[in-house]
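>
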Amino acid sequence: MTATLTSGPPATSPGRATFTALAIRETRRLVLNPVFLFAVVITAWWTWAGRGTAVADIGLVNAFTAIFLGGFGMMATYWLTRSMRASEPVVGVTPITLPARTAALCAVAIVPFGYGCLALIAFLHFHSASDPAYGAFSPSARIAVVVGQIVIPALGGPLLGVALGRWVRFPGAALVLFLVFWSWVSLVTVVSGSHPDSVPVAVLRLFAGFTFFALHSDAGGVTAWRGSPWFFIGWQLALCAIAVLVALLRGAEGRVRTRIIRALGIAGVAALILLVLAALGGFTYPLTA
Amino acid sequence: MVTASISLRGVGRTFGATRALAGVDLDLKPGVTGLLGPNGAGKTTLLRLLATALPPSQGQVSVLGLDPEVPAERTGIRRHLGYQPQETGFPRGFTAFAFVDYIALLKEQSQPAARHAEVRRVLDLVGLGGLGAKRIRAMSGGQRRRVSLAQALLGSPAVLILDEPTTGVDPEQRVVLRAVLAELARTSVVVLSTHQTEDVAALCERVIVLDRGRVRYDGPVTELTGQAAGRVWLADEPDPAASISWRTGTGRYRNVGGRARDGVEHVEPSLEDAYLLLRGGSPEHEPAQEAAS
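In order, the protein sequences belong to chains G and R.
Just add 2 to wherever you are in the first sequence, counting from 1, and you've got our numbering.
Just add 25 to wherever you are in the second sequence, counting from 1, and you've got our numbering.
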C-alpha cells in the first residue's frame with residue numbers, strides 16, 4: 003500500500019506567522035525569566051532612587067543600567083538559548099532551522115532595548131543633559147554618551163548572550179564573560195585616569211561594549227576624555243551585528259552560511275573603522291570643565 | 026504529490042573508526058515496521074538517519090521522495106515527520122502542555138486555537154490529557170516518555186520514527202499506544218525500535234533485525250517466528266542440546282534452539298525465541314548457556 007499526501011514546494015525559511023509566533027513565545031519566556039525580571043526591577047528602582055541626587059559625574063550612576071539590562075540581560079538570554087539544548091534531538095528535526103530559531107531568540111532583545119530606552123528617558127528626566135556632571139561635551143554629544151552607556155548595552159548584552167549560548171557549552175560562560183567585561187572596563191578606566199592623553203589607551207578604553215567618557219576630577223570639575231561618543235555608538239552597533247551574525251552562523255548551511263560569513267566580514271571591517279574613528283574623533287585631548 | 030515511503034540504498038554510517046551501519050538497503054511503505062537488535066547494533070543510528078538528524082557516510086536516503094542532504098528538501102521532510110528519540114531532555118520549568126505546544130509551534134502550527142486543540146489531542150492519545158499542566162520534571166519516567174511520544178504524534182505525520190517508545194510505559198498504556206500507532210500506520214510509515222519483542226509481535230507486520238550495523242533479517246514477523254517452529258520445547262531441566270534455556274514461572278525450563286530430543290513437549294515459538302535463534306542463541310553470540318533461572 004502506498005499513500006500519498008500533498009506538499010507545497012520545500013521552503014528553507016519559516017513563514018512570517020510562525021516566526022512571529024516563535025519570537026513572541028521566546029519573548030514571553032525572557033520576560034518571565036527571574037534574572038531578567040530582577041534586572042528590570044533593580045534598574046527601575048535604581049533610576050527612581052537616584053532622582054534629584056546631585057552626582058559628581060554621570061558615570062557614577064549610568065553604568066548600573068548597563069550592568070543590569072546589559073549584563074544580566076546577557077545571562078538571561080544565554081540561559082534562554084541553552085534551555086532547549088537538552089531537547090535538541092526533538093527540536094532539531096522540526097522544519098524550523100536552527101538559524102531561524104536563533105533569529106527568533108535575537109528578536110527578544112527588543113524587550114531589554116525598549117527598557118533601555120525607557121531608562122534613558124527617565125535618566126535624562128532625573129539628570130538633565132545640561133547638568134555639569136556630563137563634562138565638556140556638547141548637548142548632542144551628551145545624549146550620545148548616555149545612549150551608548152544605557153540603551154545600546156541593553157541591546158548588545160542580550161544579543162551577546164544568544165551568540166554565547168549557541169556556541170559555548172560551559173553553563174557559567176555568561177557569568178564569566180560578564181566578569182571579564184567588568185574587569186576590562188574597570189582596568190582601562192583606571193589606566194585612562196592616569197594616561198588621559200594617550201591614544202593607545204583611548205583605543206583600549208573604547209575597545210569594549212561599554213565605556214566611560216568622563217571622570218570626576220580630584221581637582222574639581224569633570225574631565226571629558228578623548229573619543230567620539232557618536233562613533234562609539236557606531237562601534238557598539240557593529241558589535242551587536244557581529245553578535246547576531248555569529249549566533250546565526252551556528253547551524254547555517256549552504257548559501258545562507260556563505261552570506262552570513264560575508265556579512266560577518268563586512269561587519270568586522272565596519273567595526274574596526276568605527277573603533278578607529280571613535281578613538282580619533284571627538285576631543286583630541288582631555289578637557290576639564 | 027509526495028509518496029509516504031522511505032528508501033535506503035547502500036547506506037552506511039561511521040563515527041570515527043567505528044562503523045555503526047554498513048550497506049543497508051531498505052524500502053519502507055505505510056505500516057508499522059519493528060527494528061530489533063542488540064545494544065550497539067545500529068538501531069538508533071538508523072533511526073536518526075531516517076529522522077534527518079544525521080547524514081549517512083555512504084549511500085542514499087530518500088524520505089517521502091525527498092533527499093535529506095539537500096537543506097530545502099530536508100525541511101520538506103521535516104514538515105511530515107514525527108520523531109521520538111531514545112532520550113528526550115526537557116527544558117526546566119516546562120509543563121507537558123507547554124513543551125508539546127512549543128514543538129507544535131516549531132512544526133509551523135502558528136494558529137493558537139488550532140495548535141492548542143492539536144496539543145490536547147495528542148496528550149489525550151498518550152493518556153496525559155489530565156496532566157497537561159503538570160511540570161515535566163515532576164513526572165515519572167513513563168509519563169515523560171509519553172510526553173516525548175505526544176510531540177512525535179503532532180499533526181499525524183506521514184513518517185513516524187520511534188526509538189524505544191514503550192520503555193517505562195505501563196502495560197495498559199502500551200496497549201493504548203499500540204492502537205494509536207496501528208491506526209496511524211494506515212497511511213503513515215511507522216518505524217519503531219524496541220527491545221520488547223512482544224510489542225513488535227503485537228503491532229508490526231514487518232521486522233528488521235540489525236546486528237553490528239547490518240540487516241540480519243528483513244521480512245514478516247510471522248515468517249521470522251515460523252523459523253523457530255519445532256525448536257522450542259519445555260523440559261524439567263535445562264536441555265544441553267538447546268542453545269539457550271531458562272526457568273519459567275511454572276518451574277519448567279524453556280529450551281530454545283539446537284536439536285530437540287524425541288518426545289519433548291514442543292511449544293508455540295514466540296518472536297523472542299525466533300530473535301534469539303537468529304542471534305545465535307544468546308545476546309552476545311556466546312555458546313549455549315543458561316540465561317537466567
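Every residue, glycine too, gets a C-beta built ideally from N, C-alpha and C.
1. What is the residue span of the alpha helix (DSSP H) that G:Ala143 lies within?
2. Consider the Cβ of R:Ser318: report whether some Cβ of chain G lies at a distance smaller than 9 Å.
3. Please identify the residue among G:Ala216, G:Val205, G:Leu71 whose C-alpha is closest to the C-alpha of G:Trp47.
4. Going by DSSP in three states, R:Leu53 sits in which element: helix, strand or coil?
5. If you compare alpha carbons, which of G:Ile262, G:Phe233, G:Gly256 is closest to G:Ala245?
6. In its own chain, which residues sit with a C-beta less than 7 Å from the C-beta of G:Ala240, not counting the 5 before and 5 after it?
7. Quick one: using the 10 Å Cβ neighbour count with 16 as the cut-off for buried, is R:Thr247 buried or exposed?
8. Quick check on the DSSP output: the alpha helix (DSSP H) that includes G:Pro160 runs from which residue to which?
9. Using the beta-carbon count (16 or more within 10 Å), is G:Ser196 buried or exposed?
10. Between R:Val289 and R:Ser268, is the Cβ-Cβ spacing less than 9 Å?
11. Write down the C-beta distance between G:Thr20 and R:Glu133 rounded to the nearest angstrom, noting that I regard them as a contact closer than 8 Å.
12. Between the region 159-176 of chain R and chain G, which residues of the former have a C-beta closer than 8 Å to a C-beta of the latter?
13. At the level of alpha carbons, what is the spacing between R:Gly244 and R:Leu75?
14. Span of the beta strand (DSSP E) holding R:Tyr242?
15. Give the interface partners of R:Leu71 over in chain G, defined as CB-CB distance under 8 Å, in chain order.
16. If R:Val201 sits next to R:Ala121, beta carbons under 8 Å apart, how far is it from one beta carbon to the other, in whole angstroms?
17. Rounded to whole angstroms, how far is the Cβ of G:Gly118 from the Cβ of G:Ala156, which I believe are closer than 8 Å?
18. Check whether the Cβ of R:Thr192 lies closer than 9 Å to any Cβ atom in chain G.
19. Do G:Thr191 and G:Leu208 come within 9 Å of each other at the CB atom, strictly closer than that value?
20. Please report the distance separating the alpha-carbon of G:Val153 from that of G:Val92.
21. Kindly provide the ranges of any beta strand (DSSP E) runs that are 3 or more residues long and lie completely inside the region 168-236 of chain R, ordered along the chain.
22. Excluding the five sequence neighbours on either side, which residues of its own chain have a C-beta within less than 8 Å of the C-beta of G:Leu289, listed in chain order?
23. When every heavy atom of the ligand GDP is checked, does at least one fall within less than 8 Å of the C-beta of R:Gly118?
24. Starting from the Cα of G:Val187, find the closest Cα among G:Ala204, G:Arg144, G:His129 and give me that residue.
25. Per DSSP, what kind of secondary structure is R:Gly155 in: helix, strand or coil?
26. Could you tell me which chain R residues have their CB closer than 9 Å to the CB of G:Ala19, listed as they occur along the chain?
27. Can you have a look at G:Gly256 and say buried or exposed, based on whether 16 or more other CB atoms are within 10 angstroms of its CB?
28. Using CA atoms only, rank isn't needed, just tell me which of R:Val147, R:Val257, R:Thr58 is closest to R:Pro294.
29. Under 9 Å Cβ-Cβ, which residues of chain R neighbour G:Val178?
30. Between which two residues does the beta strand (DSSP E) containing G:Ala216 stretch?
31. Evaluate contact between the region 45-64 of chain G and the region 120-136 of chain G, counting only Cβ atoms and requiring at least three cross-stretch pairs below 8 Å.
32. Any idea which residues DSSP pairs R:Ala163 with across the strands?
33. With DSSP run on the structure shown, which of helix, strand or coil describes R:Val95?
34. Since R:Glu290 sits in a beta bridge, which residues does DSSP pair it with?
35. Is R:Gly238 near R:Ala47, with beta carbons less than 9 Å apart?
36. Do you know offhand how far R:Leu89's Cα is from R:Val214's?
Reading from the atomic positions:
1. 141-148
2. With a pLDDT of 30 at R:Ser318, under the threshold of 50, the modelled position of that residue is not reliable, and the figure given next carries that caveat. Chain G contact via Cβ: absent.
3. G:Leu71
4. strand
5. G:Ile262
6. Ala269, Ala272, Ala273, Leu276
7. exposed
8. 154-169
9. exposed
10. no
11. 5 Å
12. Ser173, Gln176
13. 19 Å
14. 239-245
15. Per Cβ cutoff of 8 Å: no residues; R:Leu71 is ~15 Å from chain G at best.
16. That belief does not hold up - the Cβ atoms of R:Val201 and R:Ala121 are roughly 17 Å apart, past 8 Å.
17. 3 Å
18. no
19. no
20. 37 Å
21. 184-188, 214-218, 231-236
22. Gly137, Ala138, Thr225, Ala226
23. For the structure depicted, the ligand GDP is absent and the ligand set is empty, with no information on it obtainable.
24. G:Ala204
25. helix
26. Glu133, Ser135, Gln136
27. exposed
28. R:Val257
29. The contacting residues do not exist; G:Val178 stays about 21 Å from chain R at best.
30. 216-218
31. yes
32. None; R:Ala163 has no bridge partner.
33. coil
34. R:Leu259
35. yes
36. 10 Å
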